[in-house]
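K.L.:
Pasting in a structure now, in structure tokens, and then I'll have a few things to ask.
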Amino acid sequence: MSLGIEHYLILSAILFSIGLYGALAKRNAVAILMCIEIMLNAVNIAMVAFSRYLVPGVVVLTGHVFAIFIMTVAAAEAVVGLAIIIAIYRSRQSVDVEQMDLMKW
Amino acid sequence: MITEIAFWILALVVVSAALAVVLLRDIFRAALLLVLCFFTIAGIYITLNADFLAAVQVLIYVGAIGILLIFAVMLTRDIQQGNPFNRINGPALLLAFLIMVTIISVVAVTDWPVIAEVPQQGVGVPVDESTTGYIAEALFNKEGGFVLPFEIASVLLLAALIGAVVLVRRKDEE
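What follows is the structure in structure tokens.
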């Protein structure tokens, strides 16, 4: 059985769901950020798979360019997210998202 | 044939590493397995003829984001024992499972279209060539390409840099 786009898309869906489950069900804010990175990587796999299998024998580079931009935004997001987590840790001595209720009314 | 064997091994490793990231009790081991997951995804890019993206994946995710996450784990490690689940563990598992089943069934029943030629000039590369130079062409070609998004991305990175510095600066140092 030769590889097709379905294999990569199903792998991407499984990874995305694992990341989604972790992002929803974890209490540690750093663990949630890690799960978000897994989700972004899953989307990147789908992008690159589409760019490989749209035209037979040719790699269409638009998907690669999109993946590069997703990586850029993911890096910026990780940096700002970790900075926020460390700032909250300094003021409240906790990274538990169930205790982060500063903006709850 | 080698590509297929490589894909199955890499897929197995990446899914088990991602599951371990979610399920492990020790968050430091979870961070290390996340780095393994990123590294394996670079291998998956290689099976998709994306050599430049595989290198970028190793540089940015394994090199930068992995180290950053390990730093954050170490800075905040002592205050919380383990890596527990919260109160909505059951509904979250159900929701993620439903979304996975939905996506997989849609992927399975869709007849993915294949077109005969590249829809736009200058974005196609034969599979046996390196993509690196062609990605530069696709980003900065004469028709404009992705020049504006590229510049906006650099502004975004600068904003993230300044934002991170401002957020973690101690207030009493002013």
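Residue numbers (this note's numbering), protein chains in the order written: chain A, 6 to 110; chain B, 2 to 175.
We put the beta carbon where it would ideally sit given N, CA and C, even for glycine.
Between P1 of chain B and V115 of chain B, what straight-line distance do the alpha-carbon atoms span, to the nearest angstrom?
P.N.:
Beyond the ends of chain B as shown, which are 2 and 175, falls residue 1 of chain B; an answer cannot be given.
K.L.:
Give the straight-line distance between the Cα atoms of L99 of chain B and Y26 of chain A, rounded to the nearest whole angstrom.
P.N.:
The residue given as residue 99 of chain B occupies position 98 in the second sequence. The residue given as residue 26 of chain A occupies position 21 in the first sequence. Each residue's Cα considered, the two are about 11 Å apart.
K.L.:
Taking only runs of the beta strand (DSSP E) that begin and end inside the segment 24-93 of chain A, which ones reach a length of at least 3 residues, in chain order?
P.N.:
Listed in chain order, they are 63-65.
K.L.:
DSSP beta-bridge partners for P127 of chain B?
P.N.:
Translated into positions along the second sequence, residue 127 of chain B becomes position 126. Partner(s): A:V63.
K.L.:
Give me the Cβ distance between L76 of chain B and T48 of chain B, rounded to the nearest whole Å; I'm assuming they're in contact under 8 Å.
P.N.:
Here residue 76 of chain B refers to the residue found at position 75 of the second sequence. Here residue 48 of chain B refers to the residue found at position 47 of the second sequence. Rounded, the Cβ-Cβ distance is 36 Å, inconsistent with contact.
K.L.:
Report the neighbours of V78 of chain A on chain B: residues whose CB is nearer than 8 Å to its CB, in chain order.
P.N.:
The residue labelled residue 78 of chain A in the question sits at position 73 within the first sequence. Here the neighbours are A154 and L157.
K.L.:
Along the segment 36-54 of chain B, what residues have a CB closer than 8 Å to any CB found in chain A?
P.N.:
Within the segment 36-54 of chain B, the qualifying residues are C38, F39, I42, I45, Y46, T48, L49, N50, A51, F53 and L54.
K.L.:
Rounding to the nearest angstrom, what Cα-Cα distance links M52 of chain A and D27 of chain B in this structure?
P.N.:
Walking along the first sequence from the start, residue 52 of chain A turns up at place 47. Walking along the second sequence from the start, residue 27 of chain B turns up at place 26. Cα-Cα distance, rounded: 32 Å.
K.L.:
Below 8 Å on C-beta distance, what does M39 of chain A contact in chain C?
P.N.:
Considering every chain present, this structure includes no chain C. Its protein chains are A and B.
K.L.:
Could you give the first and the last residue of the continuous alpha helix (DSSP H) run that contains V1 of chain B?
P.N.:
Missing from the structure shown is residue 1 of chain B; chain B here goes from 2 to 175 and no further.
K.L.:
Tell me whether the beta-carbon of E42 of chain A lies closer than 8 Å to the beta-carbon of L168 of chain B.
P.N.:
Taking the first residue of the first sequence as 1, we reach residue 42 of chain A at position 37. Taking the first residue of the second sequence as 1, we reach residue 168 of chain B at position 167. No, these two residues do not count as a Cβ contact at 8 Å.
K.L.:
Quick one: using the 10 Å Cβ neighbour count with 16 as the cut-off for buried, is V95 of chain A buried or exposed?
P.N.:
What you label residue 95 of chain A is simply residue 90 of the first sequence in a count that begins at 1. Checking the sequence shown, residue 95 of chain A turns out to be Arg, not Val. Flag for R95 of chain A reads exposed.
K.L.:
Using the C-alpha atoms, what's the distance from M39 of chain A back to A93 of chain B?
P.N.:
The residue given as residue 93 of chain B occupies position 92 in the second sequence. The residue given as residue 39 of chain A occupies position 34 in the first sequence. Rounded to the nearest angstrom, the two C-alpha atoms are 17 Å apart.
K.L.:
Residues of chain A with a CB under 8 Å from the CB of G125 of chain B: which are they?
P.N.:
Counting from 1 along the second sequence, the entry for residue 125 of chain B is found at position 124. The answer, in chain order, is V60, V63, V64, V65 and L66.
K.L.:
Report yes if the CB atom of V64 of chain A is closer than 8 Å to the CB atom of T111 of chain B, and no otherwise.
P.N.:
Reading the first sequence from its first residue, position 59 is the one you call residue 64 of chain A. Reading the second sequence from its first residue, position 110 is the one you call residue 111 of chain B. No, the Cβ-Cβ distance between V64 of chain A and T111 of chain B is not below 8 Å.
K.L.:
Can you tell me where the alpha helix (DSSP H) holding D52 of chain B begins and where it ends?
P.N.:
Taking the second sequence and counting its residues from 1, the one referred to as residue 52 of chain B is at position 51. Its alpha helix (DSSP H) spans residues D52 to Q58.
K.L.:
Check the Cβ-Cβ distances between G64 of chain B and every residue of chain A, and say whether any is below 8 Å.
P.N.:
Here residue 64 of chain B corresponds to residue number 63 of the second sequence, with the count starting at 1. Cβ-Cβ to chain A under 8 Å: no for G64 of chain B.
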